[in-house]
Amino acid sequence: MVSTSDPVGRSVMKLYLASGLVVAILMMLVGLAMRMSQAQWLSMPPEIFYELLTLHGAGMIIALLICAMGGLWFLMRRRITLSAPLAVAAWALIILGVVGVVISAVFGNYAGLYTFLYPLPFMGNWHGWATGVFLIGMMLINTGWMIWCFQMLGAVFRAYGGLRGAMGWNFVWRPKKFAAAGHKPPPPEAFPALVAGVDGLLTGMAGMLLGIALLVRWIDPRVLIDPLWAKNFTYFYMHAIANLIIYMLAAFIYVGLSYATKREYHTSKVFVIGWWSSLVFILTNYFHHLYMDVSAQPQILQYFGELSSYLTAIPVTAVTVFGALMLVWRSRTRWTLGAVFMYSGLIGWVVGGVGAEIDASVPFNVHLHNTLWVPAHFHTYLLGGCLLFILGWVFLLLESRSEHSTSKLVRWLIFTLSFGGMMVFLSGFYFGGATGVPRRYATQPPPGPLIAQFATIGAIIMLVGFTLAFFEGLRLRSNFSADRMLWPQDLKDKVS
Amino acid sequence: MAAASKLLLMFLFLTAGIGSVFLAVVLSTRHPVEDQTEIHHRGYAIRWKWFLFVTLFLLSAFVSTLPFFPYLPSVTAQGPALRVPVIAQQFTFIMPSHVPLQQRIVFEVTSRDVNHNFGIYNSKGELIAQTQAMPGYVNDLEVTFRKSGRYTVRCLEYCGVGHALMEKEFTVGGY
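These protein sequences, in sequence, are chains X and R. For the first sequence, the working numbering begins at -17 and goes up steadily by one. For the second sequence, the working numbering begins at 202 and goes up steadily by one.
Right, here's the structure in full:
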């Protein structure tokens, strides 16, 4: 076990968080440029638009994933043995992969998008080598991710008594015997680590298999791949990764929101069962991406996909979010920026989830599939959920060490600009989706451009809010107290 | 009102409800602090009811959507239909420029190169039906046009740099 003053662990977390946030900032600016182009306020040729879209999609997912990996790794290292050099090696592979993706898009004009559906990577108007570099880059990222998962899973198994112990099996089914033996269930944040490890490895292997198949096709064009097989594998992998980010960040809620509310988040039987179900649903709900393959995809999977997508909502709303609301209810929460960001992220998760559930209903999907409704819901939970959890975490860390605090006026300004702008920005996607505007269009049919103009204004306001938050973070950081730990003493004592 | 607009209203209504709950919880922190054990005691009782409500609601939603699934056994069981082949390719659709009114039509949609989508928009710009166009596979999309007029097909699956330009118009009935 490593203490919270662990300087190596902190450095590794900072490495992940800083690099993830830098990529996220750059990709948000890329996103702004694309929205301005759709608003017809910026002239951009379609090939450039789609290169940027490829960068933006892959970049944002990877940026948020890196942040989640670093934060969860640090939280778990407080309790179990995790190798810092291995974590740095995983990070380095991911960054190397990111460099490959950037080279393929910027210098090779690769524009096959983040969800590269076979055979498009081989039938675009970009350089042939760019497809190979992109695929190798994505496989390097996947390798880094799988090393992280492998390390996390191994450490969790060793610390909590194998799969059975880490899952809390005896805690749920044999509670008296478990308590009589003096055992304690794993802490709440160990469950996101377990689920990320298991699901990350399973889907990562599928992603690797897909990558190898595509690389073979790249080397020898005579090799043919079944497009439906490739599509299933692509979404199995991509959807799970995107999903896992927010599930990993749930650990921030369990620890961070507990700190902000001065309460504790306990591992209960309902909590454990909730995570068991998430472990399964994260793997099975990707089928909703193939609803519109009305005859090609086996029908039983369409029915199963809707049921699975619906049931996903139960553990999230009845366990994690409900538990978080109980933490805050009638608590001594001081609404610092860290607490505000952390709590608001929950709203983004739930609202984005509602948008996702509507789209995951087959009869509604007919009207919403691949319209702007799709980026609407995933921007809500990636931007309004994941990014806010990460900002919340960063600010809680800064606030715990800084001698300064943020004034009420600055908090109000940052909150109003960030959330006001974000709501306008996200509304553009929802209204666009409801009016049938297709996604991934460099030039949109009406009323797309008009909606994009409002969305662009919202995005600019939001970015002004984030910029203020950035400078406030720097101010807090410049006034660290030498005798204050990264994390409060009381939490450290409980951990030890 | 178009189906998608109703969905937007439903979404906004639910979002407002969620926002109200979160706001109420925030405002509760202005009241005197309550012991966490006491909150657990009451909260777990509410959570059990909430769990039952969410589970039953979602299962009911699943069952109630089943009759509206667009998959083929229900389509073919309804009798004969005019079968219209559609081939998608970068960046156009090969298909008839006119189809009849008030007749069941099954579009047999496939692709000659990459993945595309066959999304039908009516003259008001509403997306009324769609299916994927995948190389090596045929997706059957059943549509009965109730109104004559000009319709537009758009590709809704990214297929390359000409994706946004990939559309085709066709007419229905005596337009």
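Note that the Cβ used here is the ideal one computed from N, Cα and C, for glycine as well. Note that this is a predicted model, so its numbers are computed, not measured.
Item	Value
Distance, residue 96/X Cα to residue 333/R Cα	19 angstroms
Boundaries (first-last residue) of the beta strand (DSSP E) holding residue 317/R	317 to 322
Within 8 angstroms, strictly: CB atoms of residue 234/X and residue 320/X	no
Within 9 angstroms of chain R by C-beta, residues of the stretch 58 to 71 of chain X in sequence order	none
Burial state of residue 461/X, where buried means 16 or more other Cβ atoms lie within 10 Å	exposed
N- and C-terminal bounds of the beta strand (DSSP E) containing residue 350/R	350 to 355
Environment of residue 455/X [buried if 16+ CB atoms lie within 10 Å]	buried
Cβ pair count under 8 angstroms reaching 3, the stretch 206 to 214 of chain X against the stretch 167 to 182 of chain X	no
Member of 98/X, 274/X, 116/X and 344/X whose CA lies at the smallest distance from the CA of residue 89/X	116/X
Nearest neighbour of residue 308/R, chosen from 276/X, 392/X and 415/X [CA to CA]	276/X
Any chain R beta carbon closer than 8 angstroms to residue 314/X	yes
Buried versus exposed call for residue 156/X [16 or more other C-beta atoms within 10 Å across all chains shown]	exposed
Residues from the stretch 334 to 365 of chain X in contact with chain R, defined by Cβ distance under 7 angstroms	336, 337, 340, 343, 344, 345, 346, 348, 349, 350, 351, 352 and 353
CA-to-CA distance, residue 294/R to residue 367/R, given in whole angstroms	8 angstroms
Chain X within 8 angstroms of residue 352/R, Cβ atoms only	no
Check whether residue 459/X and residue 380/X have beta carbons under 8 angstroms apart	yes
Start and end residues, alpha helix (DSSP H) containing residue 435/X	430 to 459
Runs of alpha helix (DSSP H) lying entirely within the stretch 20 to 76 of chain X, each at least 4 residues, in chain order	28 to 59
Cβ contact (3+ pairs, closer than 8 angstroms) linking the stretch 65 to 77 of chain X and the stretch 39 to 56 of chain X	yes
Close-in-space but distant-in-sequence residues of the same chain around residue 102/X (CB under 7 angstroms, 5 per side omitted)	94
DSSP bridge partner residues for residue 284/X (one or two, in chain order)	Answer is none; residue 284/X lacks a bridge partner.
Residue 340/R: first and last residue of the uninterrupted beta strand (DSSP E) it sits in	340 to 345
Selection of the stretch 282 to 312 of chain R by Cβ proximity to chain X, strictly under 8 angstroms	291
Distance CB(residue 17/X)-CB(residue 437/X) smaller than 8 angstroms	yes
Beta-carbon neighbours of residue 234/R, restricted to chain X and to distances below 8 angstroms	312, 313 and 314
Closer than 9 angstroms at the beta carbon, the chain R residues around residue 411/X	In chain order: nothing, as chain R lies at least about 11 angstroms away.
is_contact[residue 277/X, chain R] using C-beta, thresh 8 angstroms	yes
Residue 49/X beta carbon less than 8 angstroms from that of residue -3/X	no
Contact set between residue 304/X and chain R, taken where Cβ atoms lie within less than 7 angstroms	248 and 251
Positions along the stretch 97 to 125 of chain X whose CB lies within less than 7 angstroms of some CB in chain R	99, 101, 102, 105, 106 and 107
Residue 372/R in three-state terms, based on DSSP	strand
Pairwise C-alpha distance: residue 362/R and residue 373/R	30 angstroms
Uninterrupted alpha helix (DSSP H) stretches inside the stretch 77 to 135 of chain X (no shorter than 4 residues)	none
Sequence ranges, beta strand (DSSP E) only - wholly within the stretch 195 to 250 of chain X, length at least 3	none
Where residue 292/R sits in the DSSP three-state scheme	coil
Beta-carbon proximity of residue 359/X to residue 337/X, cut-off 8 angstroms	yes
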